[in-house]
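Under this note's numbering, the first residue of the sequence shown carries the number 22, and numbering increases by one thereafter.
Down below is the structure, laid out as structure tokens.
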Amino acid sequence: MSPSDLGEHLKPFVFLDLFAADMRLMQQSMSMHPHSGIATVTVITEGDMVYDDPQSGRGTLEYGGVEWLRAGGGVWHGKELAAGESRLTRGFQLWLALPPELENGTVDSQYIGARDMPRVGPATVILGRHASAVSPVRAPEGITYLQVRLSPGEQWAFTPEDGQSVGWFAVAEGEVDAGGRVSAGQIAFFEDGAGPMSFRAHSTSGATFVLGAAIPHDHPLYLGYYSVHTTAEALAAGERRIAELGARLMASGDRRTASGNVPVFR
22 MSPSDLGEHL KPFVFLDLFA ADMRLMQQSM SMHPHSGIAT VTVITEGDMV YDDPQSGRGT
82 LEYGGVEWLR AGGGVWHGKE LAAGESRLTR GFQLWLALPP ELENGTVDSQ YIGARDMPRV
142 GPATVILGRH ASAVSPVRAP EGITYLQVRL SPGEQWAFTP EDGQSVGWFA VAEGEVDAGG
202 RVSAGQIAFF EDGAGPMSFR AHSTSGATFV LGAAIPHDHP LYLGYYSVHT TAEALAAGER
262 RIAELGARLM ASGDRRTASG NVPVFR
């Protein structure tokens, strides 16, 4: 999903990437890059990654853990997560279009390990709330994002909150029947409406997937290369800010930590 295709229909969800890589190689090849106007959410479906940040401390993210980065008015990032113990790491990175009051605002980042993320049945509550559980991530209201793992043949249902007429899911592993079969690497979205979403995992493989539901983002999308804003003026302000930050980043020298990662530059 990108802002110019499905993101236009599923906003505030505007970008989704399913990645699988040796983090030792991926971190070397990944360059520092800017964002403004969005928040990024990274979750792990297999393996682990390490963060090391002066403001957040050091720790490990594995299945159920999350990196939250509200870029707001501008950040540079791309190397803040380093390789953990696993050779292969799989996961999703999601972008959210921010509302006007946040799109050029202050940066906010969180790293939260799996043990501190709430679970309801097979679902980890990454953003928002589900049943009686509320995520500790400081996300805008009206957005729910879940990470779900079903055993072979297991059935499960999710009911969106009032007003959440945007709904989709994407499969990382296995196969899910949700009124049609959806396999690993595929995304499907539900017709507008707040009805329950029902899922059954494949009888032999089980399934791991993420699910998003939200109140629609009722603003146009103005797109930069790494930025998404609600107006041309907000986009211009965000791009000016990230250009200024880029110049400061170039002058800052080697910022690598002992873990080998490079903290977010804000």
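For glycine and all other residues, C-beta sits at the position ideal for the given N, C-alpha and C.
Mapping DSSP to helix, strand and coil, what is GLU162?
Judged by DSSP in its simplified three-state form, GLU162 adopts coil rather than helix or strand.
Could you give the distance in angstroms between the alpha-carbon of THR252 and the alpha-carbon of TYR243?
C-alpha of THR252 to C-alpha of TYR243: approximately 6 Å in a straight line.
Cα separation between GLY184 and ILE236?
Answer to the nearest angstrom: the Cα atoms are 5 Å apart.
Ordered list of alpha helix (DSSP H) runs contained in the segment 148-220, each at least 4 residues:
The segment 148-220 contains no whole alpha helix (DSSP H) run of 4 or more residues.
Does the pairing of the segment 65-80 with the segment 119-133 give three or more beta-carbon distances under 8 Å?
As far as the Cβ criterion goes, the segment 65-80 touches the segment 119-133, which means the pair count is three or higher.
What whole-angstrom Cβ distance do GLY78 and GLY126 have, given they're in contact under 8 Å?
Rounded to whole angstroms, the Cβ separation of GLY78 and GLY126 is 24 Å, and the two are not in contact under 8 Å.
Nearest to LEU232 by CA position, among ALA279, ARG150, SER280 and GLU83, is which residue?
LEU232 has its Cα closest to that of ARG150, out of ALA279, ARG150, SER280 and GLU83.
Can you tell me whether THR225 is buried or exposed? The criterion is at least 16 other CB atoms within 10 Å of its CB, across all chains shown.
It is exposed - the Cβ of THR225 has fewer than 16 other Cβ atoms within 10 Å.
Pull up the CB-CB distance for PHE40 and PRO24, whole angstroms please, since I reckon it's below 8 Å.
About 18 Å separates the Cβ atoms of PHE40 and PRO24, ruling out a contact at the 8 Å cut-off.
Reducing DSSP to helix, strand and coil, say where GLY28 ends up.
Reduced to three states, the DSSP call for GLY28 is helix.
For SER204 and GLU196, which I take to be in contact (beta-carbon distance under 8 Å), what is that distance rounded to the nearest angstrom?
SER204 to GLU196, Cβ: 5 Å. Contact.
Buried or exposed (CB count within 10 angstroms, at least 16 for buried), ARG45
When all chains shown are included, ARG45 counts as exposed.
Straight-line Cα distance separating PHE286 from TRP97
Cα to Cα, TRP97 sits roughly 5 Å from PHE286.
Distance between VAL87 and ILE65 (C-alpha atoms, nearest Å)
Those two C-alpha atoms are separated by around 7 Å.
For GLU169, the nearest candidate out of VAL128, SER186 and ILE147 (CA to CA):
The identity of residue 169 in the sequence shown is Val, whereas the question assumes Glu. Sorting VAL128, SER186 and ILE147 by C-alpha distance to the C-alpha of VAL169 places ILE147 at the top.
Same chain, Cβ closer than 6 Å to PHE34, five either side skipped, listed in chain order:
Here the set comprises GLY233.
Relative to the alpha-carbon of ASN282, which residue among MET22, MET51, GLU29 and LEU27 has its alpha-carbon at the smallest distance?
ASN282 has its Cα closest to that of MET51, out of MET22, MET51, GLU29 and LEU27.
With a Cβ-Cβ cutoff of 8 Å, do PRO217 and LEU171 count as a contact?
Taking 8 Å as the cut-off, the beta carbon of PRO217 is found no closer than this to the beta carbon of LEU171.
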